[in-house]
Structures are given as structure tokens and as C-alpha cells.
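Everything in the sequence shown is counted per the working numbering, starting at 2 for the first residue and increasing by one.
Step one of this worksheet: look at the structure below.
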Amino acid sequence: MGAKLKIGVFGGYRGQTMIDVLLDHPDAELAAVCDKYTPLLSQVREKAEKHGLNVACYESFDEFIKHDMDAVVLANYATEHAVYAVKCLYAGKHVLSEVLPCETVAQAVELIEAVEKTGLVYAYAENYCYMLHTFEMWQRYKKGDIGTVTYGEGEYIHDCAGIWPQITYGERDHWRNNLYCNYYCTHSVGPLLAMTGLRPVTVTGFECPPPEEMKRLGAYFGAGIEMVKLENGAVLKSIHGHLKREPGSINYELYGTKGMMETGRQEVNKPLYVYRESDKLCVGEWEDYVPELKIEGGLAKNFAGHGGSDFYPTHFFIQKILGRPEGNEWSIDVYSAVSMGLCGIFAYRSVLDGGKPIQIPDLRDPAVREAYRHDNKCTNKKVAKDGELLPKTSYGEVDIPDEVYEHVRQLWIDGKPGE
Ligand SMILES: NC(=O)c1ccc[n+]([C@@H]2O[C@H](COP(=O)([O-])OP(=O)(O)OC[C@H]3O[C@@H](n4cnc5c(N)ncnc54)[C@H](O)[C@@H]3O)[C@@H](O)[C@H]2O)c1
């Protein structure tokens, strides 16, 4: 092959994962990194030097985007990905976006149109689709091993109270403090949508009671549930957020017309269970086994984070840019990414509307986009226009005083957990 792809990373915290993959990847090299928090840049410089690489570091996105590179990984704030993806695409860079794809439906429209107009690669780094068990389920579903989906469940339970100071730094406006229950939905619903390849058509949302202690940490919203109907009539349940259990729980179940597959809750190296019905009704066989890394296993095994999934989003992005079949087959495109994200955005409208099912628009269709082009409804006062600002919880918003954020900031500086 020719020269390696030159890839930059925007956001050096979660972005470290992609940086590590790029430093070791045979087809790509880390070209530049951007973060306004300079200690992260020093870490990256040091790491790159150990790999014999002199990486360009920027504090400003406007300078970073001028760097000579083919593609950008977006690991910046979770509510700002679409905004920066559009800037990168129009600057001629392929984009790999961390979760989530967009904050509003208007941004979803703009993002899709930027991908269509530029013809560049957009890939969604929903790594939970590539965990050892979920990726195996995806591959087996595609082979037809359990027939056509009828029901599925996805669960991502993660109580972040203990690490809240370390992930919000006491910033009142940090995106995690601005969230609502259904927004961060793609770890739970995403793998089910990827496996089945079907479009979600309606969603009904629920919010669980917000944990009281989060008021002391600067955020107040409950765990979110999305009940999603797929285009073939199948139903999915997606649940995520801070419920009480340690360790957290990551679990998926998928039922089809000929059998089912399920993962064991959270525990590493637990088997995947697969049931397949025989020619006789209600008679079938179970398999249980720990799946193996089948694609680029030699490289992938070096990146064990998040259930073995942290290698693949970057790898398949690179393969797709290079026009290789596995990149086309396994990389998550902009339409699938937006479908995953819209499940949460519209679920919350359902929550605020007393639990009515809400239609999820098919934004592949340019005619459908018109009704949503100016739809900026969200909980972010910098983005919502007049009359579009939504409350952050359906349980009654609370006013959190500045002292709370000062206290959380001090906990972060002192390296202490949430209390
Ligand atoms: N897929 C996963 O398993 C997983 C895990 C953790 C985080 N994430 C995602 O990664 C993203 C980043 O989250 P995080 O945990 O790293 O925390 P974060 O959102 O607090 O960090 C983002 C980083 O980007 C930098 N940044 C943001 N905007 C910038 C700008 N305009 N100019 C310069 N620097 C800027 C910040 O300084 C910060 O270091 C989020 O989208 C989050 O959803 C994904």
C-alpha cells in the first residue's frame, strides 16, 4: 500500500483510546491532536515520542483543522459532535465520531447532508457494537442463525456518582451536567440496531426517579428507558443510566423467529448463550462459549478496553476510507448513527408528553428532512431557540447553587471521588 493515512484526534481524554490505536496501526498514523486542556497534550507528546513520532499539538480547533491530515477523530464533548463533524467534512476530512452523533434533530439533518454533499466517510464510534459478545451476536444474526428479530433488550447501567468530579471537573456547563435521561442511549440501543440492520420507527420513553445524591454533584436526571418499535414490528427495550449496582451491567438479548442469543450481565469472559430451535417446535439446542476475536484478532487483542471493543471503530473507519470490504461491512454509517441517536431524542419528547409513542423520522428521505431542519429542541440553552428549551428532568427541575460546582471542582483537584 501507499503512505499511511494521516489522522488527527480532537479531544484528548477519551481520545487517548483512538490515539493508542493510531500509534499502533499499520495503515494510519497519528498526525495531530487538539485539546484546550494542555496537560493532556503533554501526555500525548510523551507517548508519541516513545513511538518515535513528533505529533503536532493544538489548543485551538481552528488551527488544528488546518493541519495536513486526511481524517479527524472527534472525541470532544458528546453534545458537540455534529457541529464539529460538519466543520471537518467541509474542510475535506473524513470523520470518526465518538458517541453521541448529534444534540438536536436539526443537527442530524445538517450532518447527513454534509456527508452526502462531500462524499467523505463518516463513521460512528459506538464501540459497544464491537464488544466480544455483541460483535459475535451481530455476525451470527447476519448469518441468519436466529431468524428475524422479534424482541431485544440492551442494558448499560453505570452509576457514575463516584467518578462525577473526575468526569465533569466541577463545570456547571459540562455536557454531563446538562444531560437528560434518554440522551445517552446508543450504548444500549445501538448494538441491537446494528445487529438487526432495521430502522427504528417509533419510540416510547420513560424516566426513572433521579438519584437525590446527584444534586450534590451538579446534575439531576434519572435513568432512561426507550421502548422502540422497528420497521418489521419487532420491539426493543433499551435502558441506561445511573441505577444502583456495582459493578455496572452491560447486557444484550436478541430473540428471533428461530432462536435467541444473550450475553451474561457484565462479568468478563462469561459465555455467550445461543439457542436455536430445531425442525420441531420448542425443541432446540443451546450453545455457550466465549467468543474469539475473528477480525484482525492479533491487533485487536492489544486493546482490551470496553469488553475488547476499543480497537474496531477506528480500524473499520480506516478500512472504509481505504475502500476495503470489511470497512464497508462493519463501519457504522451516518444514517445508522443518527437512527441510534434519535431513539433517545424522541424518547424524551415521549417522556415529556406523558409516555405517548412518538414517530422517529426517516432522515434518509430528503422530503422528510424539511420538517426537522429547524428543530433545535434540547436541554442546552446555548443551542435551543425561543420556546425550544426542554427541562432536564420530568421530575421537576432543581436549581443547583454555584457552591456545589465549586465543591465538585475541589474534589476533582484533590483527586477525590464523588461524595
Ligand atoms: N465510547 C465510550 O465507551 C466512551 C467512554 C467515555 C467517553 N466517551 C465519549 O467521549 C467523548 C469525550 O468524553 P470524555 O470522557 O473524554 O470527557 P469530556 O467530554 O469532558 O472531554 C472532552 C475533551 O475534549 C476537549 N475539548 C472539548 N471541546 C474542545 C474545544 N472546542 N477545543 C479544544 N478542546 C476541546 C476537552 O478539553 C476535554 O479534554 C464524549 O463524546 C463521550 O461520550 C465514550
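We put the CB at the ideal spot given by N, CA and C, even for glycine.
When every heavy atom of ligand 1 is checked, does at least one fall within less than 6 Å of the C-beta of residue i?
i, result
"H1", "Summary: the structure shown does not reach residue 1, with the chain confined to residues 2 through 420, and so no result is reported for it."
Going by Cα to Cα distance, which pick from the options is closest to residue i?
i, options, result
"L97", "H175, G53, F312, L193", "F312"
"K378", "P392, P367, V369", "P392"
"G298", "K7, H243, H26, A4", "H26"
"G342", "L90, Y185, G198, F65", "Y185"
"V384", "V106, Y274, G355, V204", "V106"
"G12", "V45, K5, A4, L6", "V45"
"N55", "A32, S189, K118, V74", "A32"
"A305", "Y14, I8, T18", "T18"
"R365", "H95, E104, E111, L75", "E111"
"Q320", "S332, G309, S310", "S332"
"Y78", "Q140, N178, D63, T203", "N178"
"R350", "G206, L23, V100, L193", "G206"
"V291", "T264, V284, N303", "T264"
"I66", "C89, L75, A372", "C89"
"V399", "L41, Y181, A115", "Y181"
"L193", "R246, G219, G242, C130", "C130"
"A220", "A49, V409, D71", "V409"
"K442", "Y256, A224, V22", "In the structure as shown, the chain begins at 2 and stops at 420. Residue 442 is therefore absent and cannot be evaluated."
"L421", "A338, L218, M132", "For the chain, the structure presents residues 2 to 420; residue 421 sits outside this window and is missing."
"E404", "E127, Y14, E172", "E172"
May I have all residues whose beta carbon comes closer than 6 Å to any heavy atom of ligand 1, sorted in chain order?
G12, G13, Y14, R15, C35, D36, K37, Y38, L41, F62, A76, N77, Y78, A79, E99, V100, N128, I168, H307
Should the stretch 140-160 be called in touch with the stretch 249-264, which here means at least 3 C-beta pairs below 8 Å?
yes
How about the stretch 43-59 and the stretch 160-178: do they share at least three Cβ pairs that are nearer than 8 Å?
Contact between the stretch 43-59 and the stretch 160-178 is not established, with fewer than three Cβ pairs separated by less than 8 Å.
For the 8 Å Cβ check, are there 3 or more pairs between the stretch 146-157 and the stretch 201-213?
no
At a cut of 8 Å, does the stretch 127-138 reach the stretch 381-398 through at least three beta carbon pairs?
no
Determine contact between the stretch 280-296 and the stretch 76-91, defined as no fewer than three beta-carbon pairs at a distance below 8 Å.
Short answer: they don't touch.
Which runs of the alpha helix (DSSP H) at least 4 residues long sit entirely within the stretch 51-109? Give them in chain order.
62-65, 82-91
3-residue-minimum beta strand (DSSP E) runs that sit fully inside the stretch 114-183, ordered along the chain
123-125, 150-158
Residue ranges of each alpha helix (DSSP H) within the stretch 360-418, 4 or longer
367-370, 403-414
Please confirm if the stretch 343-358 is in contact with the stretch 218-232, defined as three or more CB-CB distances below 8 Å between the two stretches.
Three or more Cβ pairs closer than 8 Å define a contact, and the stretch 343-358 meets that threshold against the stretch 218-232.
Tell me the start and end of each unbroken beta strand (DSSP E) in the stretch 208-232 that is at least 3 residues and wholly inside, in chain order.
225-231
What beta strand (DSSP E) runs, 3 residues minimum, are completely inside the stretch 267-309?
273-278, 285-290
Suppose only complete runs of 3+ residues qualify. What are the beta strand (DSSP E) ranges in the stretch 239-270, listed by chain order?
250-257, 260-264
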